[in-house]
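Numbering (the working numbering), first residue to last: 4 to 266.
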Ligand SMILES: NC(=O)c1ccc[n+]([C@@H]2O[C@H](COP(=O)([O-])OP(=O)(O)OC[C@H]3O[C@@H](n4cnc5c(N)ncnc54)[C@H](O)[C@@H]3O)[C@@H](O)[C@H]2O)c1
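Right under this line is the structure:
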């Protein structure tokens with residue numbers, strides 16, 4: 004799959020899935036605007052792309068801050084003259100139980116995870132509409148589909164599906180496609196705090212996946228590349244679940260019940 008000559012803004016490009024998407028898109032021929040709150044991490048992604056012979060610009064930005072998002076999009080247009088692809092990937096997952104989350108934590112999770120994609124979409128759309136084409140790829144989560152905890156994060160990720168569908172419906176007749184990916188567990192630094200408390204967490208998670216493993220960031224980047232490319236020319240408003248089968252069924256529960264009955 005090729006996206007030669009396209010210009011792609013990737014938010015949260017300094018780590019994990021965002022970095023994998025930025026590197027994969029660059030290998031597929033796109034110029035990358037690597038946006039991240041962590042300027043050093045975003046710059047490192049841009050450096051990796053340039054070292055591999057690609058074209059990348061890093062712009063430090065908080066996706067929750069409207070003025071910074073405007074500057075991000077203006078910098079991308081000024082540098083590359085167009086915006087073809089927007090990947091809303093940056094997110095945080097800080098609060099867990101509803102009784103434990105403070106209103107401040109709730110607001111920040113929603114600000115980064117839902118307001119961020121709204122602000123970036125709103126800022127990037129005019130450039131896409133002027134040229135009559137654009138692909139928006141939003142990164143949600145299986146948390147949008149099932150009650151898996153992390154209430155603020157999950158609510159934001161469910162909202163992101165609705166945002167995607169509405170953008171797809173409203174702007175489809177003007178050449179814009181918008182799709183959303185719901186990944187299952189992916190090995191990235193987002194798990195660092197929880198792994199520090201429970202080092203075997205990812206090992207235990209594997210057992211719940213029909214594929215008996217969690218994903219590598221590159222596997223989500225491959226889905227994002229398809230959705231961003233012309234190969235997905237008739238795909239819009241779609242919710243693409245890339246979760247190793249996690250949400251396909253609750254067979255493990257059935258197996259445990261059967262095993263208990265057999266005893
Ligand atoms: N890793 C998983 O298991 C998993 C599962 C499902 C969905 N996701 C989703 O994939 C996406 C990427 O997650 P990841 O695991 O790569 O996370 P990560 O923590 O490795 O990377 C997130 C990046 O976003 C940046 N960021 C955070 N807040 C920001 C802000 N306000 N503005 C700009 N940048 C900001 C961080 O600096 C970091 O570089 C997220 O949307 C996440 O919800 C991840």
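Here a beta-carbon is modelled for each residue, glycine too, at the ideal position from N, C-alpha and C.
- Excluding its 5 nearest sequence neighbours in each direction, residue 155 has C-beta neighbours in its own chain below 7 Å: 98, 104, 108, 109, 112 and 113, listed in chain order.
- The three-state reading of DSSP puts residue 208 in helix, counting H, G and I together.
- By DSSP's assignment, residue 14 forms a beta bridge with 38.
- Residue environment analysis places residue 131 among the buried positions, since at least 16 neighbouring C-beta atoms fall within 10 angstroms of its C-beta.
- For residue 186, DSSP records a beta bridge to 245.
- In this structure, the CA atom of residue 169 is about 51 Å from the CA atom of residue 266.
- Assigned with DSSP and collapsed to three states, residue 137 falls in strand.
- Remark: the C-beta of residue 182 is outside contact range of ligand 1, defined as less than 7 Å to any heavy atom.
- For a cut-off of 8 Å, the C-beta gap from residue 33 to residue 45 is around 16 Å, too long to register as a contact.
- Apart from the 5 residues on each side of it in sequence, residue 15 sits with its Cβ closer than 7 Å to the Cβ of 21, 39, 92, 93 and 94 in its chain, given in chain order.
- Distance from the Cα of residue 235 is smallest, within the candidate group 106, 216, 180 and 222, for 180.
- In its chain, beyond the 5 residues on either side, 12, 86, 123, 126, 127 and 130 have a beta carbon closer than 8 Å to the beta carbon of residue 76.
- In the assembly as shown, residue 165 is an exposed residue. Its beta-carbon has fewer than 16 other beta-carbons within 10 Å.
- Secondary structure note for residue 104: it is in no beta strand (DSSP E), with a DSSP letter that is neither H nor E.
- In the DSSP assignment, residue 69 falls within the alpha helix (DSSP H) that extends over 69-83.
- Contact check for residue 140 against residue 62 fails: the beta carbons are separated by 8 Å or more.
- DSSP places residue 89 in no alpha helix (DSSP H) but in the uninterrupted beta strand (DSSP E) bounded by 88-91.
- In this structure, the beta-carbon distance from residue 27 to residue 228 falls below 8 Å.
- In this structure, the alpha-carbon of residue 221 lies about 22 Å from that of residue 163.
- Within 7 Å of the C-beta of residue 19 there is at least one heavy atom belonging to ligand 1.
- The alpha-carbon separation between residue 19 and residue 219 amounts to approximately 9 Å.
- Counting the other Cβ atoms within 10 Å of the Cβ of residue 247 gives 16 or more, which makes it buried.
- In this chain, the beta strand (DSSP E) harbouring residue 63 covers 59-63.
- Annotation for residue 151: 145 and 157 place their beta carbon closer than 8 Å to its own, counting only its chain and skipping 5 residues before and after.
- Sorting 171, 257 and 102 by C-alpha distance to the C-alpha of residue 153 places 102 at the top.
- Excluding five sequence positions before and after residue 226, the CB atoms of its chain that fall closer than 7 Å to its own CB belong to 184, 243 and 245, given in chain order.
- With a 10 Å radius around the Cβ and a threshold of 16 neighbouring Cβ atoms, residue 118 comes out buried.
- The residue among 66, 65 and 29 with its C-alpha nearest the C-alpha of residue 48 is 29.
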